[in-house]
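One rule links them: number in my numbering = place in the sequence shown (from 1) + 413. Heads up, the beta-carbon is just placed ideally off N, CA and C, and yes, glycines get one too. Scroll down for the structure; my scribbles are underneath it.
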Amino acid sequence: MPLLTLEPELDLWLLFHENKLVVHAETGSPLLAEPVFDFPPEAVHLVEQTAARRVRTARLTGFAPSPDYRLRGLRELLLDESQEAFRLAATALQVLEWDRNHRFCSHCGSSTVPHPKGERAKVCPVCEYSQYPRIQPCVIVAITRDDHILLARAQRYNIPMYSLLAGFVEVGETLEEAVAREVAEESGVRVDKLCYFGSQSWPFPSNLMLAFRAEWAGGDIVIQEEEIMDAQFFHYRNLPMIPPAGSIAYSLIMAAVDELTAKYG
């Protein structure tokens, strides 16, 4: 659009040290009005630009906490910042990780350079192969059985938190096939009446979460022990600890609770 050729009214920065955000010490906000630390120009990447604002990002090679700035994990941002701040920070981190992981051509091994026309791509000057950012699609599903919701505690959790069954989409699969396979592998049950719910970018490291509702169609729970510590159908009024607000897992669980409340009272 022509307006994007103008200087935006607001210039904002998202700065990372390793995989943590530099934030205002007092407010915890990650959006900085100026690049308060030194870094080479080639380290800068555009996250988003509109007529009103431009958001850029860079990774710092060093950081020392000060009265004005501190480091904050991206997962913390999900808990108490706006979805917009999390979305921008998630995009920024994925761009930085993609840049770091594609410094060399995967075809011939030569060093890559930025795309000459400004596209978000790394180009090999030798064989001309272009490498674009990739996302990894994952499915997540809320399964209900009458007035109960299937929740599972993953082996990787160090707190007693239960979430929904989820997993990566494999090569050649449809989303529906991925849901059926993951549910069967992790819990042993079968599902039907699959319905798309929504999606969320999830930068750990570069996932796109695709959420579904489904109903139990048969089978007893038999957990995949290397992945799952426990799985149960919980009554919608008596749920265990679940993922925090801001995650699509939370939104999907609460949508199922609302649906069951409307049905069963």
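DSSP-derived helix/strand/coil call for residue 609: DSSP places residue 609 in strand when its eight states are reduced to three.
Endpoints, the alpha helix (DSSP H) within which residue 677 is located: For residue 677, the uninterrupted alpha helix (DSSP H) run begins and ends at 661-677, by DSSP.
Got a sec, what are the start and stop residues for the beta strand (DSSP E) residue 460 sits in? 458-462 is the span of the beta strand (DSSP E), which, as asked, contains residue 460.
Cβ distance (whole Å) where residue 694 is taken to contact residue 644 below 8 Å: For the chain, the structure presents residues 414 to 678; residue 694 sits outside this window and is missing.
Are residue 449 and residue 484 closer than 9 Å when you measure CB to CB? Cβ distance not < 9 Å, so residue 449 and residue 484 don't count as in contact.
Along the beta strand (DSSP E) that carries residue 484, what are the first and last residues, could you check? That run of the beta strand (DSSP E) goes 482-486.
Alpha-carbon spacing of residue 652 relative to residue 451, whole angstroms: For residue 652 and residue 451, the distance between alpha carbons rounds to 48 Å.
In chain order, which continuous runs of the beta strand (DSSP E) of length 3 or greater are located wholly inside the stretch 498-580? If we require 3 residues or more, the beta strand (DSSP E) runs fully inside the stretch 498-580 come out as 549-558, 561-567.
Would you call residue 654 buried or exposed, if buried means 16 or more other Cβ atoms sit within 10 Å of its Cβ? Its Cβ having fewer than 16 others within 10 Å, residue 654 is exposed.
Report buried or exposed for residue 504, applying the criterion of at least 16 other Cβ atoms within 10 angstroms of its Cβ. Its Cβ being crowded by 16 or more others within 10 Å, residue 504 is buried.
Residues in its own chain within less than 7 Å of residue 637 by CB, not counting five upstream and five downstream? Cβ within range, chain order: 598, 599.
Going by CA-CA distance only, name the one from 442, 429, 473, 424 that's closest to residue 463. Of the residues 442, 429, 473, 424, the one whose Cα lies closest to the Cα of residue 463 is 424.
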